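Number of protein chains: 2
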Amino acid sequence: MLYEAELLDAQVIENLENDDDAALKALINDQYAQDIADVLERLNTEAKFRVFELLESDLAAEVLDEAGIYTTRQLLTHLSTERIVDLLGRMPPDDVLEIIAEDVPQRRDELLEAMPTEIAQELRESLNFPPSSAGRLMTRKYLKLREDMTAFEALSQLRLVNSKVETANDFYVLDDTGHLIGVVSLRAVVNTPPNRRIHEFMERDLIYVTADTDQEEAARTLARYDFLALPVVNDDLKMLGIITVDDALDVLTRENTEDMMRLVGITTSEGDDEPYFTAPIFRVIRQRFVWLLLLFLADTFTGNVLRIFESELAQVVALSFYIPLLIGTGGNTGAQTVSTIIRGMAIQDIKPRDTFRVLRRELLNGLILGTLLGAVGGLRAYLWDQNLSLAVVIGVTLVVVCAWSNTIGSLIPLFAKRIGIDPAIVSAPLITTLVDATGLFIYLSIARLILGL
Amino acid sequence: MLYEAELLDAQVIENLENDDDAALKALINDQYAQDIADVLERLNTEAKFRVFELLESDLAAEVLDEAGIYTTRQLLTHLSTERIVDLLGRMPPDDVLEIIAEDVPQRRDELLEAMPTEIAQELRESLNFPPSSAGRLMTRKYLKLREDMTAFEALSQLRLVNSKVETANDFYVLDDTGHLIGVVSLRAVVNTPPNRRIHEFMERDLIYVTADTDQEEAARTLARYDFLALPVVNDDLKMLGIITVDDALDVLTRENTEDMMRLVGITTSEGDDEPYFTAPIFRVIRQRFVWLLLLFLADTFTGNVLRIFESELAQVVALSFYIPLLIGTGGNTGAQTVSTIIRGMAIQDIKPRDTFRVLRRELLNGLILGTLLGAVGGLRAYLWDQNLSLAVVIGVTLVVVCAWSNTIGSLIPLFAKRIGIDPAIVSAPLITTLVDATGLFIYLSIARLILGL
Chain F
8 MLYEAELLDA QVIENLENDD DAALKALIND QYAQDIADVL ERLNTEAKFR
58 VFELLESDLA AEVLDEAGIY TTRQLLTHLS TERIVDLLGR MPPDDVLEII
108 AEDVPQRRDE LLEAMPTEIA QELRESLNFP PSSAGRLMTR KYLKLREDMT
158 AFEALSQLRL VNSKVETAND FYVLDDTGHL IGVVSLRAVV NTPPNRRIHE
208 FMERDLIYVT ADTDQEEAAR TLARYDFLAL PVVNDDLKML GIITVDDALD
258 VLTRENTEDM MRLVGITTSE GDDEPYFTAP IFRVIRQRFV WLLLLFLADT
308 FTGNVLRIFE SELAQVVALS FYIPLLIGTG GNTGAQTVST IIRGMAIQDI
358 KPRDTFRVLR RELLNGLILG TLLGAVGGLR AYLWDQNLSL AVVIGVTLVV
408 VCAWSNTIGS LIPLFAKRIG IDPAIVSAPL ITTLVDATGL FIYLSIARLI
458 LGL
Chain L
8 MLYEAELLDA QVIENLENDD DAALKALIND QYAQDIADVL ERLNTEAKFR
58 VFELLESDLA AEVLDEAGIY TTRQLLTHLS TERIVDLLGR MPPDDVLEII
108 AEDVPQRRDE LLEAMPTEIA QELRESLNFP PSSAGRLMTR KYLKLREDMT
158 AFEALSQLRL VNSKVETAND FYVLDDTGHL IGVVSLRAVV NTPPNRRIHE
208 FMERDLIYVT ADTDQEEAAR TLARYDFLAL PVVNDDLKML GIITVDDALD
258 VLTRENTEDM MRLVGITTSE GDDEPYFTAP IFRVIRQRFV WLLLLFLADT
308 FTGNVLRIFE SELAQVVALS FYIPLLIGTG GNTGAQTVST IIRGMAIQDI
358 KPRDTFRVLR RELLNGLILG TLLGAVGGLR AYLWDQNLSL AVVIGVTLVV
408 VCAWSNTIGS LIPLFAKRIG IDPAIVSAPL ITTLVDATGL FIYLSIARLI
458 LGL
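For the record, the sequence lines run as chains F and L.
Reminder that position 120 of the first sequence reads as 127 in my numbering, one-by-one numbering, no gaps.
Reminder that position 292 of the second sequence reads as 299 in my numbering, one-by-one numbering, no gaps.
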């Protein structure tokens, strides 16, 4: 059955209001962690803690893991160190890492101290990998085999380590020094005669990433090859761990959100995937204000361009009526281009060596679009103001502005990539604002030339 | 090893130029299908066919499946019906469905005729589900069990059907009438004593979707619960098939691209995920021109607003210098809001019942942002034009315009959802254009009032 958000919400609230802890406990412990996490987002702080306290420990750990960052922080601040260490011990190590490194960094050392030494040691090693690297996302628990084992031995191995590994769809074959030399699926092992040796049927043509690979790249590699898990190795190609498909899905969803938010000029920090309603309003304002102010200041230059052409505008008042139309069209064209290019680079359709092909293509696109819009715009201007010269100015300006904004819209993300900046940082409003000022300059220069002002 | 795109490209081209088919054949048949598909995108038509002909059939089928829609169409047009039927027989049925329904719909009936009757019958049934529904995405080959089977019998079952099923991480437990009653993982079956019966350890708390569920919703459900496969049932809850995680990943990537493109006003049809370079330029132009023209026509209204206030603009020329700044800020604010809301709805942070909460929150955001920007803008205007009344006009306008554009930016996608339109169709430029005209009207009305024009 699919979960009914409103129904579960209502049931939880009813039990809370009736102070019926027994019924509440029975209700929530029978749900999926994801669904309880959703309910928590809608409760006030006190109710949140009450519900959380009624969860059985394994489920509580899962809920802590699935909740939004704000709720996770609230819960972690509220709970005792002992309780947190117990809950973290029930979670996959990669999620523990995310919690101590990103959700409550201020309690990082205290929590590491209180954890079993071996686990704390592994976490400390993982913390040495850069944020947003594959090393931070991987789990170190996976199924290992030696190539001279039989299929029967492999299955016994699975029974032995079962509770310790997060996923168990593939076995990784390592040599004596820990290098990855092959992969076999659990399915293949079950399906082969029990005495067959692993090296006889393992896959040797391997795809993997190094621990310092960016998480987004690792996730796209996993998705590209339709894998359920992707091995992570160190620079000497020694096996370190695996990234699982559910984590890859989370990374891609988060990256897509980031790309979309940046595209319209909302600054997001890495890993910032706060749910809409629980994001504190002062942070939302800050994230939005930074860009708006920047664009605002840039837009005052647009006003300066107008001041430069003050006498032209005074001579032909009708020129000013076309300002919103021309800068609007330039901005819209540029926004289309920039998002096409950013998306193309994100899904690796466009590679760094493609710069010239992209520029040629977008310039051509801009000229064609500009010619089409220029014809419509020129005609519209003629019908409106009955002034042929002005109509020509509008038509020519549209051709030039579209070609220009398409070029700018592709050049800037390509250039950002070249100099090592994430191209998704380039927002459509930035392009729009650049095109506003330069487009007006182009427009009024063409007007001066053609109208002989 | 990770594949080196440029290296593989160069090797393929070298072999093509040397007419060394033996070396080319050895080279490409040792690659992953995804990598060969990428190489094909960069070759001309003739070279594409030559390389494809050298592929072994199983790999050729995979390449056909992984290639961009344009290349797939080229290959399918070029190949004989017999060859295509052979290749389709080597693909997962859900991918066959996509090819005959979307890639070459004109050859659909011919291909169905030529296929083995049983498969054609299944495909016809699947074609009855609406496009973009879970029914079109699912595979009908999955591992079935009865609840009274033992773990040992389950494993024998796996060996029996092995070659027919695409993924085999979970077994689905059906009752005598084909209803889904439980799920067990392969791992659990391997780990339990061989004589234990399935009903003793199967998971009974099931998550599934019906066949007419939208693919995006199904993919998000799978991702939400970290599943590797999601069961699809009919309205009577009879099991029909499963959706696998790799298909869910593809759906989410495609939906994200669509949302981003629509957000900046590029019309995309369902399932339109053409790679950047192979998309025919006339189609790209058409997709972009539709929106640009619409926005262009809407922007001419903005010009009309200016004409209404012609006398005010003539009296205080400085008013016109602030036009780009004010409409720019309104547009930027609105674009931020609309993308936040659309994204929030896509990842189900925002549900239909949240309309009022969203509106209240965005109105508050708009007022705060407007006050901050109004203070900066008013001060800037005073320093610039040394006119206190004008500075007040700019400041007040910014407050009102930001609140207004935030409201419009949240109202329109929420309203679209209410009346059953995909909210992602609402683009940032549409909001920007709406805010352009209305924002100017607000600005010049406030100016008229405060300056007493």
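A virtual CB, placed ideally from N, CA and C, is assigned to each residue, including glycine.
These numbers were taken from a predicted model, which means no experiment stands behind them.
- Would F/ASN372 count as contacting chain L if we go by Cβ distances under 8 Å? yes
- Compute the distance between the beta-carbons of F/TYR443 and F/ILE273, then report whether it is under 8 Å. According to the sequence provided, residue 443 of chain F is Asp. The question's Tyr does not apply to it. Going by C-beta atoms, F/ASP443 is not nearer than 8 Å to F/ILE273.
- Query: According to the Cβ coordinates, are F/ARG360 and L/GLU13 closer than 8 Å?
  - Reply: yes
- Message: For a test of the three-state rule: what should DSSP assign to F/PRO238, helix, strand or coil?
- Response: strand
- Item | Proximal residues to L/PHE136 (C-beta, below 6 Å), its chain only, five neighbours per side dropped | GLY142, ARG143, ALA218
- Answer with buried or exposed for L/SER87, where buried requires no fewer than 16 other C-beta atoms within 10 angstroms of its C-beta. Around the Cβ of L/SER87, a 10 Å sphere holds fewer than 16 other Cβ atoms; the residue is exposed.
- Message: Which residue marks the beginning of the alpha helix (DSSP H) containing F/TYR450, and which one marks its end?
- Response: 435-458
- Could you have a look at L/ASP102 and say whether DSSP puts it in helix, strand or coil? helix
- Which residues in the same chain have their Cβ closer than 8 Å to the Cβ of F/MET8, if we skip the five residues on either side of it in sequence? Residue confidence for F/MET8 is low, a pLDDT of 47 falling below 50, so the modelled location carries little weight; the figure read from the coordinates is stated next. For F/MET8, where only same-chain residues beyond five positions count, there are no Cβ hits under 8 Å.
- Tell me which same chain residues have a C-beta within less than 8 Å of the C-beta of L/SER140, skipping the five on either side of it? ALA218, ASP219, THR220, ASP221, GLN222
- Check L/MET246 in the structure and name its three-state DSSP category. strand
- Item | Where F/ALA201 meets chain L, residues with beta-carbon distance less than 7 Å | Looking at the sequence shown, residue 201 of chain F is not Ala but Pro. Residues of chain L whose Cβ lies closer than 7 Å to the Cβ of F/PRO201 do not exist, since the nearest Cβ in that chain is about 11 Å away.
- Message: At the level of alpha carbons, what is the spacing between F/GLY278 and F/LEU134?
- Response: Because F/GLY278 sits at a pLDDT of 49, beneath the cut-off of 50, its placement in the model cannot be relied upon, and the point is left open.
- Are the beta-carbon atoms of L/PHE178 and L/LEU150 separated by less than 8 Å? yes
- Task: Could you check how far apart the C-beta atoms of L/ARG194 and F/LEU193 are, in whole angstroms? I think they sit under 8 Å.
- Result: 7 Å
- By a C-beta neighbour count over all protein chains shown, 10 Å radius and 16 as the cutoff for buried, is F/GLY427 buried or exposed? Residue burial is scored here from C-beta neighbours: F/GLY427 has fewer than 16 other C-beta atoms within 10 angstroms and is therefore classed as exposed.
- Task: State the start and end residues of the unbroken beta strand (DSSP E) segment that holds F/SER192.
- Result: 187-192
- Should F/PHE303 be flagged as near chain L, meaning a C-beta pair shorter than 8 Å? yes
- Query: Buried or exposed: which applies to L/PHE422, given that a residue is buried once 16 or more other Cβ atoms fall within 10 Å of its Cβ?
  - Reply: exposed
- Query: L/ILE457 to F/ARG293, Cα distance in whole Å?
  - Reply: 31 Å
- In terms of residues, what are the limits of the beta strand (DSSP E) holding L/LEU61? In this chain, L/LEU61 is not harboured by any beta strand (DSSP E), its DSSP state being neither H nor E.
- Query: Going along chain L in order, which residues have a C-beta closer than 9 Å to the C-beta of F/GLY248?
  - Reply: Residues of chain L passing the Cβ test: none, with the nearest at roughly 17 Å.
- Query: Do you know how far the Cα of L/ALA158 is from the Cα of L/HIS206?
  - Reply: 10 Å
- Message: Only counting the same chain, and skipping five residues up and downstream in sequence, which positions put a Cβ closer than 6 Å to that of F/LEU320?
- Response: LEU326, SER327
- Task: Please determine, among F/LEU304, F/LEU50, F/PRO201, F/THR336, the residue with the shortest C-alpha to C-alpha distance to L/LEU304.
- Result: F/THR336
- Span of the beta strand (DSSP E) holding F/VAL403? Run containing F/VAL403: none in the beta strand (DSSP E); it sits in the alpha helix (DSSP H), 395-425.
- Task: For F/ASN25, count neighbouring Cβ atoms within 10 angstroms of its own Cβ and tell me buried if that reaches 16, exposed if not.
- Result: exposed
- Query: Any Cβ of chain F within less than 8 Å of the Cβ of L/ASN176?
  - Reply: yes
- Item | Contact under 8 Å by Cβ, F/ALA353 with F/ASP266 | yes
- Query: Does F/TYR179 get closer than 8 Å to chain L when you measure Cβ to Cβ?
  - Reply: no
- If you measure from the beta carbon of L/TYR149 to each beta carbon in chain F, is any gap under 8 Å? no
- Message: Which residue wins for smallest C-alpha separation from F/ASP102, given the options F/GLY185, F/LEU229, F/ASP254?
- Response: F/ASP254
- Message: I need the straight-line Cα distance from L/GLY338 to L/TYR232, nearest angstrom please.
- Response: 38 Å
- Secondary structure at F/PHE178, three-state DSSP: helix, strand or coil? strand
- Item | chain L contact residues for F/MET268, given Cβ-Cβ distances below 9 Å | GLN343, SER346, THR347, ARG350
- Item | Segment limits, beta strand (DSSP E) that includes F/LEU130 | Where F/LEU130 is concerned, there is no enclosing beta strand (DSSP E), although the alpha helix (DSSP H) it sits in stretches over 124-134.
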